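Numbering (this note's numbering), first residue to last: 49 to 156.
Note that beta-carbon positions come from the ideal geometry of N, C-alpha and C, so glycine has one too.
Keep in mind the model is a prediction, meaning the values are calculated, not measured.
Below is one structure, written out as structure tokens, with a few remarks after it.
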């Protein structure tokens, strides 16, 4: 499904919600440094959120709600404006780095 996405060097918005997608994003997606928004809600993605998410320094919107994600949040989540993770099976506490997201407006 996501083969070759790392070659999309100008991609800014990646939306693929409500598609019954499963598994997890390939490491290739973390090469797309131009991404500002990842919206993959209402799918069947599972496993932990990869710590490589911090490599997407321009990422402002991360919407992964209503999936089957598990584990803890990465230690560093970046500089987000919106983070939606509800209706998953995540565990642990919010990482202290979340307090560094001075532009964070939505946390669900």
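Neighbour flag for residue i against chain D, beta carbons, 9 Å
i: residue 88; result: No chain D appears in the structure shown, which is made up of a single protein chain.
For residue j and residue i, the rounded distance between their alpha carbons
i: residue 124; j: residue 103; result: 10 Å
i: residue 76; j: residue 130; result: 23 Å
i: residue 122; j: residue 64; result: 22 Å
i: residue 97; j: residue 154; result: 18 Å
i: residue 111; j: residue 101; result: 13 Å
i: residue 133; j: residue 60; result: 20 Å
i: residue 156; j: residue 52; result: 31 Å
i: residue 135; j: residue 141; result: 16 Å
Backbone secondary structure at residue i - three-state DSSP
i: residue 53; result: helix
9 Å Cβ cutoff met for residue i and residue j
i: residue 94; j: residue 117; result: yes
i: residue 151; j: residue 114; result: no
Nearest-angstrom Cβ-Cβ length linking residue i and residue j, presumed shorter than 8 Å
i: residue 106; j: residue 82; result: 6 Å
Entirely enclosed beta strand (DSSP E) segments - the region 76-145, minimum 3 residues
With a minimum length of 3 residues, the continuous beta strand (DSSP E) runs that stay inside the region 76-145 are 85-87, 92-95, 109-111, 116-119 and 130-132.
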